[in-house]
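If you read the sequences in order, they're chains Y and D. Note that the numbering used here numbers the first sequence so that position 5 is 7, with each residue one more than the last. Note that the numbering used here numbers the second sequence so that position 36 is 44, with each residue one more than the last. Even glycine gets a Cβ: it sits at the ideal position worked out from N, Cα and C. I have placed the structure first, in the form of structure tokens, so that the comments after it can refer back to it.
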Amino acid sequence: MGKLSEAIVALDKEGVLGAVKEGIHTNTDPIQLIEEAREGLQRVGEEFEKGNYFLMELMRAAQIFKEAASLINPKIQECYKDITMKGKVLIGTVSGDVHDLGKGIVATLLKCRGFEVIDLGVDTPEQVFVEKIKEHNPQVVGMSGLLTTSIPVMGKTVKAIEEAGLRGRVKVIVGGGVVGEVKTSDIGVDYATSNANEGIRVIENWIEKE
Amino acid sequence: MKESLSRYERIEAAWNLEEADRVPVSPLNCYILAYQGGISIREMFHEPEKFIEAVVEARKKIGEGDQEDPNITTLDHLSLRPKSGWDQVTLDWRIWDQFPPEGNIPSFYEKCIIEDYDDVMERGFSTILFNKKIYKDVFERSLDDFLYYEFEYPEIYAKAWRKFVEEYEVPLIMGGRATIPFELVLYYRGFAQFVQDIFEQPDKVKDMCEFVLEHEIMNALKQAMIMGAGEVPGAEKIFFQAGVVGPPYVSPEVFEEFVWPTLKKGVDMIVKRGFKAHVHTDGDMTSVLPVFKDIAKGLPKGKVLLDFEKTDMKKAKEVLGDKVCIWGNVPASLLCYGTPTEVEEYCQKLIRDCAEGGGFILATECETPWNAKPENVRAMIDSAIKHGQY
Numbered sequence: 003m004g005k006l007s008e009a010i011v012a013l014d015k016e017g018v019l020g021a022v023k024e025g026i027h028t029n030t031d032p033i034q035l036i037e038e039a040r041e042g043l044q045r046v047g048e049e050f051e052k053g054n055y056f057l058m059e060l061m062r063a064a065q066i067f068k069e070a071a072s073l074i075n076p077k078i079q080e081c082y083k084d085i086t087m088k089g090k091v092l093i094g095t096v097s098g099d100v101h102d103l104g105k106g107i108v109a110t111l112l113k114c115r116g117f118e119v120i121d122l123g124v125d126t127p128e129q130v131f132v133e134k135i136k137e138h139n140p141q142v143v144g145m146s147g148l149l150t151t152s153i154p155v156m157g158k159t160v161k162a163i164e165e166a167g168l169r170g171r172v173k174v175i176v177g178g179g180v181v182g183e184v185k186t187s188d189i190g191v192d193y194a195t196s197n198a199n200e201g202i203r204v205i206e207n208w209i210e211k212e
Numbered sequence: 009m010k011e012s013l014s015r016y017e018r019i020e021a022a023w024n025l026e027e028a029d030r031v032p033v034s035p036l037n038c039y040i041l042a043y044q045g046g047i048s049i050r051e052m053f054h055e056p057e058k059f060i061e062a063v064v065e066a067r068k069k070i071g072e073g074d075q076e077d078p079n080i081t082t083l084d085h086l087s088l089r090p091k092s093g094w095d096q097v098t099l100d101w102r103i104w105d106q107f108p109p110e111g112n113i114p115s116f117y118e119k120c121i122i123e124d125y126d127d128v129m130e131r132g133f134s135t136i137l138f139n140k141k142i143y144k145d146v147f148e149r150s151l152d153d154f155l156y157y158e159f160e161y162p163e164i165y166a167k168a169w170r171k172f173v174e175e176y177e178v179p180l181i182m183g184g185r186a187t188i189p190f191e192l193v194l195y196y197r198g199f200a201q202f203v204q205d206i207f208e209q210p211d212k213v214k215d216m217c218e219f220v221l222e223h224e225i226m227n228a229l230k231q232a233m234i235m236g237a238g239e240v241p242g243a244e245k246i247f248f249q250a251g252v253v254g255p256p257y258v259s260p261e262v263f264e265e266f267v268w269p270t271l272k273k274g275v276d277m278i279v280k281r282g283f284k285a286h287v288h289t290d291g292d293m294t295s296v297l298p299v300f301k302d303i304a305k306g307l308p309k310g311k312v313l314l315d316f317e318k319t320d321m322k323k324a325k326e327v328l329g330d331k332v333c334i335w336g337n338v339p340a341s342l343l344c345y346g347t348p349t350e351v352e353e354y355c356q357k358l359i360r361d362c363a364e365g366g367g368f369i370l371a372t373e374c375e376t377p378w379n380a381k382p383e384n385v386r387a388m389i390d391s392a393i394k395h396g397q398y
């Protein structure tokens with residue numbers, strides 16, 4: 003791991019921004035810089051899954067990454083015109099649930115990992131999921147919910163996606179406090195987790211296989 | 009089976025780390041009482057006598073625990089001054105006429121309320137209380153409406169619960185509720201901003217935690233006095249809520265540095281004023297159990313209880329068993345999606361791990377979901393009777 007990755011893992015904002023500025027100053031390939039920053043972020047995610055880091059650290063790492071990216075991205079645009087995103091993810095907290103925190107963390111992490119994220123917000127009706135899938139054509143749909151009552155709503159939303167003939171076009175992942183304890187087959191989804199980083203990993207694997 | 013102790017005596021024995029006739033059982037029932045009692049959330053929040061009738065009806069369906077939660081949120085949700093900061097900031101008070109709700113039950117708002125710590129600390133707490141960002145309805149209601157909910161309604165509410173406690177001999181889980189400053193400040197700032205504060209202005213976060221502590225505790229004690237502390241069994245207990253204050257949300261280091269100082273100080277304030285502290289934690293506190301060893305340090309025996317959600321209860325018993333009563337932790341998902349047999353097996357294991365020597369109350373992890381299966385909640389209560397005899 004390079005200096006930049008290490009600084010991200012250490013949650014050392016000054017170190018990260020210093021390394022980025024130095025890289026830009028010495029004409030390092032900006033893609034290399036962003037990938038190194040991502041590597042650091044990925045390591046933080048791994049440490050989170052091992053239980054060595056916590057949600058607060060995960061969020062902090064993403065914040066630092068975003069600041070670093072705001073310095074690097076203009077350089078990327080200067081050097082590479084047609085850079086493509088890794089993939090497109092539509093994400094929202096399901097109808098009847100106004101919890102934003104978990105969904106917000108996942109959306110931030112996905113953006114940091116190079117995904118285009120369409121965030122539908124909270125309390126999202128089933129039909130909005132359906133319409134936005136038609137509009138944006140994502141590869142993955144992520145549904146979030148903290149309440150136990152959100153679980154059947156996730157099932158209903160999947161059904162609405164099915165009825166609209168869109169289920170075959172998207173992978174569906176659900177996440178939230180108790181969601182990881184639910185059988186995926188009960189609500190017709192492809193993956194269920196209570197762990198933000200695990201969710202990101204699963205989405206990355208799906209997209210890579212495509 | 010005839011029971012030799014009253015419910016309150018059984019609960020008190022557990023707080024005092026003594027074995028009673030059996031393990032006490034106390035699901036933390038909130039909206040499930042309204043749902044199973046056949047009333048709407050609106051009725052639950054506006055008509056205390058109707059709510060009590062619903063509680064009695066619900067207990068017939070879900071079983072009769074040794075205590076009941078008076079849902080303190082409903083005591084003062086429409087008043088302003090004595091409201092807990094947690095209610096003020098975090099709950100979306102859409103109140104529905106139907107149950108199951110078409111929308112959500114009251115839920116968390118996650119948004120930035122405090123823009124400047126110094127401003128709040130300089131100008132005082134009213135800058136938070138009278139804030140359109142928190143509670144825009146406040147500015148649309150009449151003075152009469154306020155006065156009613158400020159002064160009359162809490163009395164009516166407390167009277168209804170007092171009658172329930174006396175008639176059915178069921179003590180209250182709590183008389184007042186406070187939120188741990190760290191969590192309160194987190195809600196006031198919003199998670200993303202708060203994370204940045206922890207790393208970039210840690211001293212301000214600590215100052216703000218100190219600043220909100222006294223207001224929050226005094227408010228809870230005031231609630232408990234209205235509910236009849238000293239006269240109504242259980243009303244002397246303050247539910248000191250610590251949701252997003254430990255793993256997996258924050259690290260043990262952050263817990264120790266930012267959460268613990270005002271948590272312990274708050275517990276001391278509650279107990280030194282003659283009340284009892286029911287410390288409610290969410291998340292998995294297993295890694296910080298050693299810190300909790302000092303939660304009752306310097307205080308008389310039987311005044312503090314620790315309530316756990318995802319924590320390893322066996323480990324909690326090992327570490328804290330001789331210090332404080334522990335409470336927990338039948339999973340919400342099991343109560344909604346499991347079977348009575350699975351619930352019974354879970355409870356049996358909990359009792360085996362935690363009950364020896366007293367100091368354990370069989371309870372839900374956080375609250376009983378409103379959509380929990382009645383037969384599962386009943387299985388939990390029956391398990392205490394079947395497997396929890398001393």
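Roughly how many angstroms lie between the CA atoms of residue i and residue j, to the nearest whole one?
i	j	result
residue 396 (chain D)	residue 187 (chain D)	32 Å
residue 167 (chain D)	residue 71 (chain Y)	59 Å
residue 314 (chain D)	residue 367 (chain D)	10 Å
residue 319 (chain D)	residue 53 (chain Y)	14 Å
residue 134 (chain Y)	residue 183 (chain Y)	28 Å
residue 41 (chain Y)	residue 64 (chain Y)	12 Å
residue 90 (chain D)	residue 285 (chain D)	Any reading at residue 90 (chain D) is ruled out, since the residue's pLDDT is 45, under 50, leaving its predicted position unreliable.
residue 51 (chain D)	residue 378 (chain D)	15 Å
residue 142 (chain Y)	residue 157 (chain Y)	16 Å
residue 278 (chain D)	residue 225 (chain D)	7 Å
residue 124 (chain Y)	residue 155 (chain Y)	13 Å
residue 263 (chain D)	residue 120 (chain Y)	34 Å
residue 202 (chain D)	residue 23 (chain Y)	26 Å
Cutting at 8 Å between CB atoms, please list the residues of its own chain near residue i, excluding the five before and the five after it.
i	result
residue 279 (chain Y)	Absent from the structure is residue 279 (chain Y), since the part of chain Y shown begins at 3 and ends at 212.
residue 356 (chain D)	391, 395
residue 316 (chain D)	289, 293, 324, 334, 335, 336, 337, 373
residue 353 (chain D)	none
residue 61 (chain Y)	107, 110
residue 266 (chain D)	190, 206, 210, 213, 214, 217, 258
What first and last residue would you give for the beta strand (DSSP E) that runs through residue i?
i	result
residue 94 (chain Y)	90-95
residue 337 (chain D)	333-338
residue 145 (chain Y)	142-146
residue 193 (chain Y)	193-195
residue 173 (chain Y)	173-177
Can you pull the chain B residues whose beta carbon is under 9 Å from the beta carbon of residue i, in chain order?
i	result
residue 150 (chain Y)	You won't find chain B in this structure, because its protein chains are Y and D.
Enumerate in chain order the residues of its own chain whose CB-to-CB distance from residue i is below 6 Å, with the five nearest sequence positions on each side excluded.
i	result
residue 25 (chain Y)	35
residue 13 (chain D)	28, 29
residue 195 (chain Y)	177, 182, 201
residue 135 (chain D)	128
residue 205 (chain D)	213
residue 25 (chain D)	366, 367
Give every residue of the same chain whose Cβ lies closer than 7 Å to the Cβ of residue i, excluding the five residues on either side of it in the sequence, and list them in chain order.
i	result
residue 389 (chain D)	33, 71, 72, 73
residue 382 (chain D)	44, 69, 70
residue 173 (chain Y)	141, 142, 192, 208
Between which two residues does the alpha helix (DSSP H) containing residue i stretch?
i	result
residue 138 (chain Y)	128-138
residue 121 (chain Y)	Where residue 121 (chain Y) is concerned, there is no enclosing alpha helix (DSSP H), although the beta strand (DSSP E) it sits in stretches over 118-121.
residue 201 (chain Y)	198-211
residue 125 (chain D)	125-131
residue 384 (chain D)	382-395
residue 40 (chain Y)	32-52
residue 362 (chain D)	348-362
residue 186 (chain Y)	186-189
residue 27 (chain Y)	15-27
In the DSSP assignment, what are the bridge partners of residue i?
i	result
residue 64 (chain Y)	Partner(s): none; residue 64 (chain Y) has no beta bridge.
residue 180 (chain D)	D:76
residue 37 (chain D)	D:376
residue 288 (chain D)	D:249, D:315
residue 30 (chain D)	D:397
residue 370 (chain D)	D:33, D:336
Between the region 252-269 of chain D and chain Y, which residues of the former have a C-beta closer than 8 Å to a C-beta of the latter?
-> 255, 256, 257, 258, 259, 262
The region 182-210 of chain D: which residues have C-beta closer than 7 Å to a C-beta of chain Y, in chain order?
-> 199, 200, 203, 204, 206, 207
Given a limit of 8 Å on CB to CB distance, which residues of the region 158-184 of chain Y reach chain D?
-> 180, 183, 184
Interface residues of the region 58-74 of chain Y facing chain D [CB-CB below 8 Å] | 58, 59, 61, 62, 65
May I ask you to list, following chain order, the residues of the region 117-131 of chain Y that have a beta carbon less than 8 Å from some beta carbon of chain D?
-> 125
Near-chain D residues of the region 87-103 of chain Y - C-beta to any C-beta below 9 Å = 97, 98, 99, 100, 101, 102, 103
Which of the residues in the region 29-61 of chain Y, read from start to end, lie with their CB under 7 Å from any CB of chain D?
-> 56, 57, 58, 59, 61
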